[in-house]
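Chemist: Got a structure for you, questions after.
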Amino acid sequence: MIRGWWRRGMAGVLAMGLTYGNVCWAEWTFFGPPQGAPRDAWGITEDEGGNLWIAGGEEGLFLRRPGATQFERFTLANGLRPYGYLDDGSAPVGPKHLKVIAVAGGPPGTVFVGYEGLGACESNFYGPSRERDPNIYKSGDADKVTLTESGIQTVHYDISSGAIAENGEAGEREKICSVRRIVWDKKYGNLWFGANHAFAWGDPNHQAAPSCKGQRHCSGVMEHTHPHINAKNASGHVFRLTDAYHGIAVLPDGDVWFGGANRTTRFRFMTVKPPRDFEGARKKSENASAIANRIDVWPDLVDEKGIPGPSDRIDDNVSGMALMPDGSVWVSSYAWGLALLNATGTVNRYALNTGPDRFITSLLRDPSDNSLWAGLRWGGGLIRMKDNQVTRYTSSLGTLTSRPIWDLQSTVREGQRRLLVAFGRDEYGQDGGIGIYVGE
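Position 1 of the sequence shown, counting from 1, maps to 10 under the working numbering, and the rest follow consecutively.
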């Protein structure tokens, strides 16, 4: 029903002005398991020292140093810490879950790492006491990983709040656990986590504080915010709807666009009350009066005030964001293609809504020419959009065309563009890997 409405109501304007058909053969280098790369690549990045880092899912964190011919692999045994601290500073008892799903390069030799939480990590803390399991609700979150002479040093970000947090809210919060996107804002010294349920801020210079008990002055995090709405389930019960903030775009003034499964918001962290104000910005996204800052990019059939039910919703399912020089921002969706928002959050244009093109899993603005790269899944491969021209990088990917492209990053080295591509496993379990493209 929803999909049918979409085709009737929006088709015809979404791909307006685009020219298709070009196929590009590019200068690619691929690395898969035979070369020591992960089988299931969830993220890819470079730190400022040129070290290549890959989020390798359950295999851990992978590294390829400049000039090296081999990949290095880091797991729990090497110091990765995909779990938080108990009140006494100790670790939860029991087997640990490791799945690296995000990486963001930092200073030379440093990478910020996001983990997937275990099971129902978002709700476990709030269940009956007999069902609470610290190994579940303390799983996931993020690490700062720094290379040392003997291996790695890890500092954990326990994205939670203590019994009485500095913002005055009573009651512990243990909602965020699966960190899917991380962005390091070097200019303003901010670290942003896009996760299940909400998004959060981190201190890039945070040092370990095991006994902090979730207090902001020592935890290295401020959490959390979400542009939630009220929605109804099939039985009419009203609940808070918010999830999966996989789109992050930092503005020149330090404010941040966040896009989630249901709504998108401009988080006015740096401008609501300079120099920065997390709680003030939270209110500008969450309060009832901030309805204009809860943007429904692909509109539901019933708006927020009407409290949409299951058949009324067209979940945005944002997968990425790319800020353009004119202040506009492209928003990609796992299901609906692309939308272009102007600087105030108004949707000016839709694109790439047909066939496999609409299943976009990653998005990137190329810093060398402001073209737009989109990674797809289910056989879509990789496409590039520039001046309303769509170029397909399909045949050059070989069998990797069928793999989902979970992440795209770009660097410029010696005047040449380098596109970094993370290919995940497909639904049949066929291995992914990574690709590096150097060319025009």
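All residues carry an ideal CB built from backbone N, CA and C; glycine is no exception.
Looking at the strands, I want to know which residues DSSP matches up with serine 220.
Modeler: As a first step, residue 220 is located in the sequence shown; it is residue number 211 there, counting from the start. According to DSSP, serine 220 bridges with nothing at all.
Chemist: Whole angstroms is fine: what's the gap from glutamate 36's alpha carbon to leucine 391's?
Modeler: Working through the sequence shown from its first residue, we reach residue 36 at position 27. Working through the sequence shown from its first residue, we reach residue 391 at position 382. One C-alpha to the other measures close to 14 Å.
Chemist: Compute the beta-carbon to beta-carbon distance between alanine 431 and glycine 52, rounded to the nearest angstrom, for a pair I have assumed lies under 8 Å.
Modeler: By one-based count along the sequence shown, residue 431 stands at place 422. By one-based count along the sequence shown, residue 52 stands at place 43. Going by Cβ atoms, the distance from alanine 431 to glycine 52 rounds to 6 Å, so yes, they are a contact pair.
Chemist: Looking at glycine 128: is its Cβ nearer than 8 Å to the Cβ of asparagine 199?
Modeler: For the purposes of this step, residue 128 is identified with residue 119 of the sequence shown, where counting begins at 1. For the purposes of this step, residue 199 is identified with residue 190 of the sequence shown, where counting begins at 1. No, they are not a contact pair.
Chemist: Note the first and the last residue of the continuous beta strand (DSSP E) segment covering glycine 114.
Modeler: Here residue 114 is taken as the residue at index 105 of the sequence shown, counted from 1. From DSSP, the beta strand (DSSP E) with glycine 114 extends over 109-114.
Chemist: In the DSSP assignment, find the unbroken beta strand (DSSP E) run with phenylalanine 287 in it and report its ends.
Modeler: Reading the sequence shown from its first residue, position 278 is the one you call residue 287. Careful: phenylalanine 287 lies outside any beta strand (DSSP E), inside the alpha helix (DSSP H) at 287-295.
Chemist: Helix, strand or coil: how does DSSP classify histidine 215 here?
Modeler: On the sequence shown, position 206 is the one that residue 215 refers to. In the structure shown, histidine 215 sits in coil (DSSP, three-state: anything other than H, G, I, E or B).
Chemist: Could you give the DSSP three-state label for methionine 19: helix, strand or coil?
Modeler: Walking along the sequence shown from the start, residue 19 turns up at place 10. Confidence at methionine 19 is low in this model, with a pLDDT of 27, below 50, so the placement of that residue should be treated as unreliable; the coordinate-derived value is given next. Three-state DSSP puts methionine 19 in a helix.
Chemist: With distance defined between alpha-carbon atoms, name the residue in Pro143, Ser148 and Phe40 nearest to leucine 85.
Modeler: Position 76 of the sequence shown, counting from 1, holds the residue named residue 85. The residue with the shortest Cα to Cα distance from leucine 85 is Ser148.
Chemist: Are the stretch 353-372 and the stretch 328-344 touching, with three or more C-beta to C-beta distances below 8 Å?
Modeler: yes
Chemist: When you compare the stretch 401-412 with the stretch 350-363, are there three or more beta-carbon pairs, one atom per stretch, that lie closer than 8 Å?
Modeler: no
Chemist: Measure how close the beta-carbons of alanine 209 and isoleucine 238 come, nearest whole angstrom, since I'm counting them as under 8 Å.
Modeler: Position 200 of the sequence shown, counted from the first residue, corresponds to residue 209. Position 229 of the sequence shown, counted from the first residue, corresponds to residue 238. Not quite, the Cβ-Cβ distance comes to about 20 Å (not below 8 Å), so this is no contact.
Chemist: On the DSSP bridge list, what partners appear for threonine 78?
Modeler: Within the sequence shown, residue 78 is the residue found at index 69, counting from 1. Residue pairing of threonine 78 in beta bridges, as defined by DSSP: absent, with no partner found.
Chemist: Can you list, in chain order, the residues of its chain with a C-beta nearer than 8 Å to that of alanine 207? Leave out the 5 residues immediately preceding and following it.
Modeler: Residue mapping note: residue 207 aligns to position 198 of the sequence shown, counting from 1. The residues are Lys184, Ile185, Glu232, His233, Thr234, His235, Thr251 and Tyr254.
Chemist: Take glycine 69 and list the residues in its own chain whose beta-carbon comes closer than 7 Å to its own, dropping the five residues that flank it on each side.
Modeler: Along the sequence shown, read from residue 1 onward, the residue named residue 69 stands at position 60. Counting only Cβ-Cβ distances below 7 Å, and skipping sequence neighbours, we find Arg82, Phe83, Thr84, Leu89, Leu107 and Val109.
Chemist: Quick one: what does DSSP say glutamate 36 is sitting in, helix, strand or coil?
Modeler: As a first step, residue 36 is located in the sequence shown; it is residue number 27 there, counting from the start. Glutamate 36 falls in the coil class under three-state DSSP.
Chemist: Hey, would you say threonine 54 sits closer than 8 Å to valine 120, going by beta carbons?
Modeler: Counted from its first residue, the sequence shown places residue 54 at position 45. Counted from its first residue, the sequence shown places residue 120 at position 111. The answer is yes: Cβ separation under 8 Å.
Chemist: Can you tell me whether glycine 384 is buried or exposed, with buried defined as 16 or more other CB within 10 angstroms of its CB?
Modeler: Sequence index remark: in the sequence shown, residue 384 carries index 375 (1-based). Buried: at least 16 other Cβ atoms inside 10 Å.
Chemist: Considering arginine 225, what are the terminal residues of the alpha helix (DSSP H) in which it resides?
Modeler: The count along the sequence shown starts at 1 and reaches residue 225 at position 216. 225-228 is the span of the alpha helix (DSSP H), which, as asked, contains arginine 225.
Chemist: What do you get for glycine 268, buried or exposed, if any count of 16 or more other CB atoms within 10 angstroms of its CB means buried?
Modeler: In the sequence shown, counting from the first residue as 1, residue 268 sits at position 259. With 16 or more other Cβ atoms within 10 Å, it is buried.
Chemist: Can you check which of these residues, Arg48, Ser228 and Tyr437, is closest to glycine 98 by C-alpha distance?
Modeler: As a working note, residue 98 is residue 89 in the sequence shown. Closest option to glycine 98, Cα to Cα, is Ser228.
Chemist: How would you call asparagine 271, buried or exposed, if buried means at least 16 neighbouring beta carbons within 10 angstroms?
Modeler: Sequence index remark: in the sequence shown, residue 271 carries index 262 (1-based). When all chains shown are included, asparagine 271 counts as buried.
Chemist: Apply the 10 Å Cβ neighbour rule to alanine 151 and answer buried if 16 or more other Cβ atoms are within range, or exposed otherwise.
Modeler: On the sequence shown, position 142 is the one that residue 151 refers to. Under this definition alanine 151 is a buried residue.
Chemist: Which residue's Cα is closest to the Cα of leucine 332: Gly289, Pro219, Lys195 and Ala258?
Modeler: Position 323 of the sequence shown, counting from 1, holds the residue named residue 332. It is Ala258 whose Cα lies nearest to the Cα of leucine 332.
Chemist: Could you tell me how far apart the beta carbons of isoleucine 443 and phenylalanine 134 are, in whole angstroms, since I believe they sit closer than 8 Å?
Modeler: Residue 443 sits at position 434 when you count from the first residue of the sequence shown. Residue 134 sits at position 125 when you count from the first residue of the sequence shown. About 36 Å; that fails the 8 Å criterion.
Chemist: Using 8 Å for Cβ pairs, my map puts glycine 433 next to arginine 412. What's the rounded Cβ distance?
Modeler: For the purposes of this step, residue 433 is taken as the residue at position 424 of the sequence shown. For the purposes of this step, residue 412 is taken as the residue at position 403 of the sequence shown. Their Cβ separation, rounded to whole angstroms, is 6 Å, which keeps glycine 433 and arginine 412 in contact under 8 Å.
Chemist: Would you mind stating whether proline 143 and leucine 72 have Cβ atoms separated by less than 8 Å?
Modeler: Taking the first residue of the sequence shown as 1, we reach residue 143 at position 134. Taking the first residue of the sequence shown as 1, we reach residue 72 at position 63. Not closer than 8 Å, so no.
Chemist: Return the chain-ordered list of same chain residues with a C-beta closer than 6 Å to the C-beta of glycine 136, the five sequence neighbours on each side being excluded.
Modeler: Here residue 136 refers to the residue found at position 127 when the sequence shown is read from its first residue. Same-chain partners within the cutoff: there are none.
Chemist: Let me know the secondary structure DSSP gives serine 342 once reduced to three states.
Modeler: What you label residue 342 is simply residue 333 of the sequence shown in a count that begins at 1. Strand, per DSSP.
Chemist: What do you reckon, are the CB atoms on aspartate 309 and arginine 322 nearer than 8 Å?
Modeler: As a position in the sequence shown, residue 309 is number 300, starting the count at 1. As a position in the sequence shown, residue 322 is number 313, starting the count at 1. Contact flag set, yes.
Chemist: Tell me whether glutamate 232 sits in a helix, a strand or coil according to DSSP, three-state version.
Modeler: For the purposes of this step, residue 232 is identified with residue 223 of the sequence shown, where counting begins at 1. Glutamate 232: strand per DSSP, three-state reduction.
Chemist: Taking proline 104 as the reference, which of Pro91, Ala111, Tyr437 and Ala113 has the closest Cα?
Modeler: Working through the sequence shown from its first residue, we reach residue 104 at position 95. Closest by alpha carbon: Pro91.
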